[in-house]
Amino acid sequence: MDQPLNVFVTVVEKRNFSRAAEELHMTQPAVSQYIKNLEDALGTKLLERSNRSVELNKAGEIVYHHAKELLNLYSKMNYLLDDLTNRASGKITIGASYTYGEYVLPHVIAKIRHNYPLITPSITIGNSTEIGDLVYSHQLDVGIIEGDYPARDMKVDDFTEDEMVIVAAPSHVQVENGSILENEMWIVREAGSGTREATEKMWKQLEITPPNTMAFGSTQLIKESVEAGIGISFLSRWTIRKELELGSLVVLTIPDFTYTRTFSILMRSPFQTKVLEVFLEHIHDHHIH
Numbered sequence: 001m002d003q004p005l006n007v008f009v010t011v012v013e014k015r016n017f018s019r020a021a022e023e024l025h026m027t028q029p030a031v032s033q034y035i036k037n038l039e040d041a042l043g044t045k046l047l048e049r050s051n052r053s054v055e056l057n058k059a060g061e062i063v064y065h066h067a068k069e070l071l072n073l074y075s076k077m078n079y080l081l082d083d084l085t086n087r088a089s090g091k092i093t094i095g096a097s098y099t100y101g102e103y104v105l106p107h108v109i110a111k112i113r114h115n116y117p118l119i120t121p122s123i124t125i126g127n128s129t130e131i132g133d134l135v136y137s138h139q140l141d142v143g144i145i146e147g148d149y150p151a152r153d154m155k156v157d158d159f160t161e162d163e164m165v166i167v168a169a170p171s172h173v174q175v176e177n178g179s180i181l182e183n184e185m186w187i188v189r190e191a192g193s194g195t196r197e198a199t200e201k202m203w204k205q206l207e208i209t210p211p212n213t214m215a216f217g218s219t220q221l222i223k224e225s226v227e228a229g230i231g232i233s234f235l236s237r238w239t240i241r242k243e244l245e246l247g248s249l250v251v252l253t254i255p256d257f258t259y260t261r262t263f264s265i266l267m268r269s270p271f272q273t274k275v276l277e278v279f280l281e282h283i284h285d286h287h288i289h
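Going by the UniProt record's numbering, the residue at position 245 of the sequence shown is 245; the numbering climbs one at a time, nothing skipped.
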């Protein structure tokens with residue numbers, strides 16, 4: 001019902017048929033046909049085409065203004081109907097960095113599946129850079145990342161904070177002085193990881209330059225290595241809750257030192273499906289202890 005207007009609005013805002021086709025995941029001839037059908041139905045031309053771009057004429061300006069309002073109303077109508085029937089259904093592709101994706105996201109998904117059993121999430125786990133790139137290239141509907149990422153044409157929503165701590169095996173001698181940390185074997189994540197970025201910022205904050213480091217692509221492998229006494233690491237409290245309860249890892253406390261980082265939601269598409277709205281509501285409502 002709203003597709004011709006949606007195509008028209010996208011062409012106007014992208015000012016180009018091929019860019020609109022890419023945004024809508026359609027072929028350029030299909031986009032052109034939608035515009036032609038709309039112009040035929042309304043009995044007037046709406047766009048002035050040039051070699052490089054398209055511009056609105058007077059009739060197009062009227063249609064564009066009202067099309068935006070109609071699409072908004074149509075979206076609200078569907079949202080209310082979906083709420084009424086609780087029928088949010090369909091696929092959603094979610095990407096998350098390792099920390100959030102492996103230790104928090106499963107609990108969020110469990111709640112969504114309980115409340116909306118017709119939603120079928122597909123989850124990709126990667127480091128923050130990889131997830132950001134997949135959202136940017138429209139391969140994911142939404143991404144959750146930690147650390148800094150060049151947003152480009154994406155919407156970034158900071159939504160929660162995470163405390164990072166220095167962890168060691170219980171047999172490790174507790175550190176009295178921060179400078180001793182420099183001589184430790186540091187087990188770190190790979191480049192591109194938000195946890196690795198946080199580790200390097202922490203070193204800078206403590207003014208240390210460790211000569212001994214080992215890089216692993218898995219938080220679980222890092223935890224096992226620290227437990228085995230190979231070295232120490234800098235990890236999210238979310239990732240070590242069970243180990244702290246079991247006493248297999250300890251936190252090394254440094255006087256007057258705390259470190260928190262922000263987790264962000266990344267999206268590129270300006271349109272939100274009901275399924276995406278449900279996911280975002282659950283993400284914001286999930287309280288991490």
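Yeah, the Cβ is synthetic: ideal placement off N, Cα and C, and Gly gets one too. Note that the structure is a prediction, hence the values are computed from the model and not measured.
Once the 5 residues before and after M55 are set aside, which same chain residues still bring their CB inside 6 Å of it? Here the sequence assigns Glu to residue 55, which means Met is not the residue at that position. Same-chain partners within the cutoff: E48.
For K91, count neighbouring C-beta atoms within 10 Å of its own C-beta (all shown protein chains included) and say buried if the count is 16 or more, exposed if not. It counts as exposed.
Would you check if there are 3 or more beta carbon pairs closer than 8 Å linking the stretch 228-241 to the stretch 179-190? By the Cβ criterion, the stretch 228-241 is in contact with the stretch 179-190, since at least three pairs of Cβ atoms, one from each stretch, lie closer than 8 Å.
Identify, in the order they occur along the chain, each residue of the same chain with its Cβ nearer than 6 Å to the Cβ of K155, setting aside the five sequence neighbours on each side. A distance below 6 Å between beta-carbons, with the five flanking residues on each side excluded, links K155 to the following residues of its chain, in chain order: M267.
Nearest to I240 by alpha carbon, out of S53, L105, I254 and Q220? Selected option, being the one with the closest Cα: Q220.
F257, DSSP secondary structure in three states: Here DSSP, grouped into helix, strand and coil, assigns F257 to coil.
Helix, strand or coil: which one does DSSP assign to G178? Model confidence at G178 stands at a pLDDT of 46, short of 50, so the residue's coordinates are unreliable; what they give is reported in the following sentence. Per DSSP, reduced to three states, the secondary structure at G178 is helical.
Contact check, E163 vs R237, beta carbons under 8 Å: Yes, they are a contact pair.
Let me know the secondary structure DSSP gives I230 once reduced to three states. Coil, per DSSP.
At a cut of 8 Å, does the stretch 189-207 reach the stretch 123-136 through at least three beta carbon pairs? Result yes; three or more Cβ-Cβ pairs closer than 8 Å.
If I follow the unbroken beta strand (DSSP E) through S97, where does it start and stop? DSSP places S97 in the uninterrupted beta strand (DSSP E) bounded by G90 to S97.
Alpha-carbon spacing of H172 relative to N72, whole angstroms: Between the C-alpha atoms of H172 and N72 there is a straight-line separation of about 59 Å.
If you drop the 5 nearest sequence neighbours on each side, which residues of the same chain put their C-beta closer than 8 Å to that of F8? Annotation for F8: Y34, I35, L38, L46, V63, Y64 and A67 place their beta carbon closer than 8 Å to its own, counting only its chain and skipping 5 residues before and after.
For the alpha helix (DSSP H) containing P121, name the first residue and the last one. Unbroken run through P121 is the beta strand (DSSP E), I119 to G126; no alpha helix (DSSP H).
Helix, strand or coil at E190 according to DSSP, with G and I counted as helix: Here E190 sits in coil by DSSP.
Beta-bridge partners of I131, as assigned by DSSP: None; I131 has no bridge partner.
Secondary structure at T209, three-state DSSP: helix, strand or coil? Annotated three-state conformation of T209 is coil, per DSSP.
Over what stretch of residues does the beta strand (DSSP E) that includes V251 continue unbroken? It spans V250 to L252 - the beta strand (DSSP E) in which V251 sits, taken as one unbroken run.
Output the distance between the C-alpha atoms of Y259 and T273, rounded to the nearest integer angstrom. The alpha-carbon atoms of Y259 and T273 are separated by roughly 36 Å.
Going by C-alpha to C-alpha distance, which of L246, E102 and S264 sits closest to V142? In this structure, S264 is the residue among L246, E102 and S264 with its C-alpha nearest to the C-alpha of V142.
Could you tell me the distance, in whole angstroms, from the CA atom of K204 to the CA atom of N6? In a straight line, the C-alpha of K204 is about 49 Å away from that of N6.
Helix or strand or just coil, what does DSSP make of K155? Collapsing the DSSP output to three states places K155 in a strand.
Y100 and E146: beta carbons closer than 8 Å? In contact: Y100 and E146 (Cβ atoms closer than 8 Å).
C-beta atoms of I94 and P121 nearer than 8 Å: I94 is a Cβ neighbour of P121, given a cutoff of 8 Å.
Whole-Å CB distance - I144 paired with S218, under 8 Å assumed: Contact doesn't hold; Cβ gap of about 18 Å is too wide.
Three-state secondary structure (DSSP) at V54? V54 falls in the strand class under three-state DSSP.
Distance between S137 and H284 (C-alpha atoms, nearest Å): Those two C-alpha atoms are separated by around 25 Å.
Determine the extent of the alpha helix (DSSP H) in which V108 is found, giving its start and end residues. Element bounds for V108: L105 to N115.
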